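One structure below.
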Amino acid sequence: MDVQPAAAAAAEPSPAAEGHCSSTPVWALLEQATQMKTEGNAFYRDKNIRSAIGRYHRALLVLRGLDSEVLSSVKGFGPERPPLTPEQEAALRNTQVDCYNNLAACLLQKESVDFARVREYSFQVLMRRPDDVKALYRAGVAALELGDAQTAKHYLTKACNEQPHGMNETMFGSFSTDVFSLYVSKSFSVSFSVFNCV
């Protein structure tokens, strides 16, 4: 009789042990997702992009189990949770948006960038925070790389207009020159002045 598989299965945490059980309090799950996001941020700072992406995805999975927009489509197929309080809903949305924003940043750091996913994650952020400068910038860069010059112009111009004071040097310092070079190399006929944020 082989007991190894049973022992291995017992050693792996079950979804309930990880806090995905419907009896886990909502605030505990929100805290768990926030902790995963924080761990992802630490991995990102350490340039461990793959682990950061994993943490952000796990946080989003925990949040998905609480999301009323997701749960309404599967109503009646399992135990139901009471509706989230406004504070819980705000915490869920803020963590969710931060994770999508951070995922887009991670993808831009990869050797082979999936610009369609960067655009998708940036749009998720912009649905909740339409003036988020980082998401506007990333959506613009993704649109530019995907060959959509008009959309790139829209998002990048809006990012330039929305940027907090003093952000020119840190986020957009060499950006105008980079965009111009990219347009020239791709034979786009867009005026350089459109992207001049200074």
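With this note's numbering as the guide, the letters of the sequence shown map in order to residues 137 to 334.
Each residue gets a CB set at the ideal place from its N, CA and C atoms; glycine is no exception.
For clarity, every value in this text was computed on a predicted model and none was experimentally measured.
Query                                                                                                    : Result
Check whether serine 231 and leucine 165 have beta carbons under 8 Å apart                               : Sequence inspection shows threonine at residue 231; the serine mentioned does not correspond to that position. Their beta carbons are not under 8 Å apart, which means threonine 231 does not touch leucine 165 by this criterion.
Proximity below 8 Å, CB of alanine 240 to CB of arginine 274                                             : yes
Distance, glutamate 256 Cα to serine 187 Cα                                                              : 20 Å
Leucine 202 to leucine 280 span [Cα, whole Å]                                                            : 35 Å
The alpha helix (DSSP H) enclosing glutamate 281, as first and last residue numbers                      : 269 to 281
Beta-carbon separation (whole angstroms), alanine 223 vs aspartate 267, contact threshold 8 Å            : The sequence given here places glutamate at residue 223; alanine does not occur at that position. About 23 Å; that fails the 8 Å criterion.
Closest by C-alpha distance to asparagine 238, when choosing among Ala295, Cys296, Lys183                : Lys183
Given lysine 270 as reference, the closest of Cys242, Gln286, Thr221, Ala285 once Cα atoms are compared  : Cys242
Residue of Leu262, Ala178, Gln245, Leu220 minimising C-alpha distance to proline 161                     : Leu220
Proximal residues to threonine 265 (C-beta, below 8 Å), its chain only, five neighbours per side dropped : Per the sequence shown, the amino acid found at residue 265 is arginine instead of threonine. Result list for arginine 265: Val233, Ala271, in chain order.
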